[in-house]
């Protein structure tokens, strides 16, 4: 019989921890929460200080029974759920279900699942932190009050299946507001003049800067012609040469938000996938002879803090593999987000010595890619700054001034390992070298290239941009970003177009109604203040009942008004332009879980449905009879196939074009690059210049 029972959330975590603790410990999994508010009713007694009514979650009865049996046999019980509000609440529910004293030393927390961290944590058990429990409970009740009051109203006034939540509503509003900005945007014309210059046989580029040392913006072709008219011949004089040394520091280690953003930029991962993989790496991976080991620290955090032990190990690794010059000489100041709870360390590898390449045989492809990202970011964060030699050269022809910029990496520092990605997909610029230029030197213009441009509207939100914006505004917390993005898509309020969020008609209707009757729910400052209040509850500064009561008093009045004044809205189905082949009634477009599809308007009498076929105007190159159509894989990735499938199995991930290769007459396709697309032949080496 085991002397000690340890309860965690997942079997993977249980397996890893049991290995470290030894035979006296039995580790069991609760499979997440044991109790929750009922789904069939509000479950909150508004008249009795918002008292929640918890029930055992359906299907968890046998698990709870098994835990109770094991608890009776154990001398001591430890609750080792995750080290956050949610984990604390899981521990509290378990303590209540197993009749444990919440004030006893029954709670164990750790930031990483390694042998040393686990053994150390069991030396310091503590009581359950009721402030953390209250903060999670307040969020749960707050969301229940909003969701279970507004959602039925939307069901009644708009259509069934709708929901409204605090964070998700603000996220949809941000997407809609951005779409309005894009539609209202009026592009402005501007011009640039780039030139190619020669110093002896060496060529370099420079751009028009201004007239008589004064910077000038070019807004029309007439201004460009005026500049060109001022130039006399192709001889330029080097007027000034400025050389500087610039230092660049590495990015800080990952938080939940920055991990989701960077995984989207560099790995093309959705937030939900990133968190799923991070959970697996945290809970433990079987490393063969070494057994199951947690590879990263806890993945729900808004802190960039690093333990001294991890910092020292990283410094040793960097010195041994890159040299002492690459180790940062002094501890960098940590930038703290004003909204950060700072409860845990940053996301980092549990050991710098576990290099990504050494784990290839144990990790799936995506697990390895995410681990490599975490490992590289952390190691780079502990390395010395990069040093750049920069050079700015001004070239004069009469009163016309051109400027050339050059840079060279003098010392790569952290850039040897990792450089942070950008939202616009730009890669780190390589050395842009200039010839050896001095004041008074002559250079000659080889080519001048004036170009017309137009200002662009603000970009639509990608998942990475939206997560970043929500974090900056103080909306939601690390654990809420991925579920929020998933929910607004499942509800059909937004859709993804080329990996960017676009609001649907349904989303716009819901937000319009919310703005009219519940403006506070959509108010960014109000929602951010609610998040701050939850943090204050966690810190023991305010009482959770008072915080909810302060919100509910105004909310209840708004509900009464909405019940009386909100008009019934009928969302008409959009005609699909064809008739049902089974009953002859018109087909209409419907919105389903996986996007739009066609359905018979005579539903439920006729249940005929069809996928929306998007032709691209290209005949099948294989069977010569069918047409190429756009399809989507199970993972929602677009590909192209013949409409005669399965008779014809033509398939292409690249978009076929309606013209043939001028070299061999074979099929041309558009190949997606990191920046733009390139037309190329599927048979020969024919390629065209990439287009942005």
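Numbering (full-length UniProt numbering), first residue to last: 1 to 692. We put the CB at the ideal spot given by N, CA and C, even for glycine. Values in this document were obtained by computation on a predicted structure and should not be read as measured data.
Checklist entry - Measuring CB to CB, does residue 102 end up less than 9 Å from residue 521? => result Against the chain shown, residue 102 aligns to sequence position 102. Against the chain shown, residue 521 aligns to sequence position 521. No, the Cβ-Cβ distance between residue 102 and residue 521 is not below 9 Å.
Checklist entry - How about the stretch 269–280 and the stretch 470–486: do they share at least three Cβ pairs that are nearer than 8 Å? => result Counting Cβ pairs under 8 Å, three or more are found: they touch.
Next on the checklist: Which of the three DSSP states is assigned to residue 71 in this structure?
Outcome noted: Here residue 71 refers to the residue found at position 71 of the chain shown. Three-state result, residue 71: helix.
Checklist entry - Are the CB atoms of residue 50 and residue 628 nearer to each other than 9 Å? => result Walking along the chain shown from the start, residue 50 turns up at place 50. Walking along the chain shown from the start, residue 628 turns up at place 628. Taking 9 Å as the Cβ cut-off, residue 50 and residue 628 do not qualify as a contacting pair.
Next on the checklist: For residue 468, which residues in the same chain have their Cβ closer than 6 Å to its Cβ, ignoring the five residues on either side in sequence?
Outcome noted: Reading the chain shown from its first residue, position 468 is the one you call residue 468. 261, listed in sequence order.
Item to check | The beta strand (DSSP E) enclosing residue 191, as first and last residue numbers | outcome: Residue 191 sits at position 191 when you count from the first residue of the chain shown. Segment 189–199, the beta strand (DSSP E) holding residue 191.
Item to check | Closest Cα partner of residue 280 within the set 4, 179, 550, 13 | outcome: Reading the chain shown from its first residue, position 280 is the one you call residue 280. When each option's Cα is compared against that of residue 280, the closest is 13.
Checklist entry - Cα-Cα, which of 111, 77, 167 is closest to residue 100? => result On the chain shown, residue 100 is found 100 positions in, with the first residue counted as 1. Of the residues 111, 77, 167, the one whose Cα lies closest to the Cα of residue 100 is 77.
Checklist entry - My guess is that residue 453 and residue 190 are in contact by the Cβ rule of under 8 Å, so how many angstroms apart are they, rounded? => result For the purposes of this step, residue 453 is identified with residue 453 of the chain shown, where counting begins at 1. For the purposes of this step, residue 190 is identified with residue 190 of the chain shown, where counting begins at 1. About 5 Å separates the two Cβ atoms, so the contact holds.
Checklist entry - Pick from 132, 447, 143: whose alpha carbon is nearest that of residue 234? => result For this step, residue 234 is matched to residue 234 along the chain shown. Distances from the CA of residue 234 to each of 132, 447, 143 were compared; the closest alpha carbon is that of 447.
Item to check | Element boundaries [alpha helix (DSSP H), containing residue 555] | outcome: As a working note, residue 555 is residue 555 in the chain shown. Under the DSSP assignment, residue 555 falls in the alpha helix (DSSP H) whose first and last residues are 544–565.
Next on the checklist: Is the beta carbon of residue 296 closer than 9 Å to that of residue 282?
Outcome noted: In the chain shown, the residue the question calls residue 282 occupies position 282. In the chain shown, the residue the question calls residue 296 occupies position 296. Yes. Within cutoff.
Item to check | Short Cβ contact (9 Å threshold) for residue 150 with residue 559 | outcome: Numbered from 1 along the chain shown, position 150 holds the residue referred to as residue 150. Numbered from 1 along the chain shown, position 559 holds the residue referred to as residue 559. Against a cut-off of 9 Å, the Cβ pair of residue 559 and residue 150 comes out as a contact.
Checklist entry - Nearest-angstrom Cα distance between residue 305 and residue 444? => result Start at 1 with the first residue of the chain shown, and residue 305 comes out as number 305. Start at 1 with the first residue of the chain shown, and residue 444 comes out as number 444. Cα to Cα, residue 305 sits roughly 54 Å from residue 444.
Checklist entry - Hey, residue 749 and residue 403: beta-carbon distance below 9 Å or not? => result No statement about residue 749 is possible, as the shown extent of the chain runs from 1 to 692 and does not include it.
Checklist entry - To the nearest whole angstrom, what separates the beta carbons of residue 9 and residue 32, a pair I think is in contact under 8 Å? => result Here residue 9 corresponds to residue number 9 of the chain shown, with the count starting at 1. Here residue 32 corresponds to residue number 32 of the chain shown, with the count starting at 1. So it is a contact: roughly 5 Å between Cβ atoms.
Checklist entry - Going straight from the alpha carbon of residue 380 to that of residue 415, what length do you get? => result Residue mapping note: residue 380 aligns to position 380 of the chain shown, counting from 1. Residue mapping note: residue 415 aligns to position 415 of the chain shown, counting from 1. In a straight line, the C-alpha of residue 380 is about 7 Å away from that of residue 415.
Checklist entry - Can the beta-carbon of residue 701 be found less than 9 Å from the beta-carbon of residue 661? => result Residue 701 is absent from the model: the chain starts at 1 and stops at 692.
Checklist entry - If you drop the 5 nearest sequence neighbours on each side, which residues of the same chain put their C-beta closer than 6 Å to that of residue 42? => result Locating residue 42 in the chain shown gives position 42, where the first residue counts as 1. Excluding sequence positions up to five before and after residue 42, its CB lies within less than 6 Å of the CB of 148, all in the same chain and listed in chain order.
Next on the checklist: Counting beta carbon pairs with one atom in the stretch 115–133 and one in the stretch 510–521, are three or more of them shorter than 8 Å?
Outcome noted: The stretch 510–521 is not in contact with the stretch 115–133.
Checklist entry - When the Cα of residue 623 is compared with those of 601, 649, 633, which residue comes out closest? => result In the chain shown, counting from the first residue as 1, residue 623 sits at position 623. For residue 623, the nearest C-alpha among the options comes from 649.
Checklist entry - Since residue 408 is in the beta strand (DSSP E), which residue starts that stretch and which ends it? => result As a position in the chain shown, residue 408 is number 408, starting the count at 1. Residues 400–411.
Checklist entry - Hey, would you say residue 406 sits closer than 9 Å to residue 393, going by beta carbons? => result For this step, residue 406 is matched to residue 406 along the chain shown. For this step, residue 393 is matched to residue 393 along the chain shown. Yes, these two residues count as a Cβ contact at 9 Å.
Checklist entry - Is residue 178 closer than 9 Å to residue 493 when the C-beta atoms are compared? => result Counted from its first residue, the chain shown places residue 493 at position 493. Counted from its first residue, the chain shown places residue 178 at position 178. The answer is no: Cβ separation not under 9 Å.
Checklist entry - For the putative contact between residue 108 and residue 80, defined by C-beta atoms under 8 Å, what is the C-beta separation to the nearest angstrom? => result If you number the chain shown from 1, residue 108 lands on position 108. If you number the chain shown from 1, residue 80 lands on position 80. Contact annotation, residue 108 with residue 80: C-beta distance approximately 5 Å; criterion of less than 8 Å satisfied.
Checklist entry - Of all the alpha helix (DSSP H) runs that stay within the bounds of the stretch 242–308, which reach a length of 4 or more residues? => result With a minimum length of 4 residues, the continuous alpha helix (DSSP H) runs that stay inside the stretch 242–308 are 256–267, 271–283.
Item to check | Contacts around residue 266, its chain only, beta-carbon distance under 8 Å, and the 5 residues preceding and following it disregarded | outcome: Reading the chain shown from its first residue, position 266 is the one you call residue 266. The answer, listed in chain order, is 373, 421.
Item to check | Span of the beta strand (DSSP E) around residue 386 | outcome: Taking the first residue of the chain shown as position 1, residue 386 is located at position 386. Note, residue 386: beta strand (DSSP E), 386–397.
Next on the checklist: Three or more C-beta pairs under 8 Å: does that hold for the stretch 523–532 against the stretch 186–204?
Outcome noted: Verdict: no, contact absent.
Checklist entry - In terms of residue numbering, what span does the alpha helix (DSSP H) encompassing residue 627 cover? => result Your numbering for residue 627 matches position 627 in the chain shown. Per DSSP, residue 627 lies in no alpha helix (DSSP H) segment; the continuous beta strand (DSSP E) that holds it begins and ends at 627–632.
Checklist entry - Closest to residue 161 by CA distance: which of 369, 152, 167 is it? => result Indexing the chain shown from 1 puts residue 161 at position 161. With respect to the C-alpha of residue 161, the residue from 369, 152, 167 having the closest C-alpha is 152.
Next on the checklist: Between the alpha carbons of residue 465 and residue 497, how many angstroms are there, rounded?
Outcome noted: On the chain shown, position 465 is the one that residue 465 refers to. On the chain shown, position 497 is the one that residue 497 refers to. Each residue's Cα considered, the two are about 15 Å apart.
Item to check | Contained beta strand (DSSP E) runs [length at least 3] in the stretch 420–473, N- to C-terminal order | outcome: Restricted to the stretch 420–473, the beta strand (DSSP E) segments that are unbroken, complete and at least 3 residues in length are 442–454, listed in chain order.
Next on the checklist: Is it buried or exposed, residue 438, if we count other Cβ atoms within 10 angstroms and call 16 or more buried?
Outcome noted: Looking up residue 438 in the chain shown gives position 438. Result: exposed.
Checklist entry - By Cβ distance, which residues of its chain are closer than 6 Å to residue 173, with the 5 residues on each side in sequence left out? => result Taking the first residue of the chain shown as 1, we reach residue 173 at position 173. These residues qualify, in order along the chain: 511, 522.
Item to check | N- and C-terminal bounds of the beta strand (DSSP E) containing residue 151 | outcome: Residue mapping note: residue 151 aligns to position 151 of the chain shown, counting from 1. Note, residue 151: premise wrong, no beta strand (DSSP E); alpha helix (DSSP H) at 130–157.
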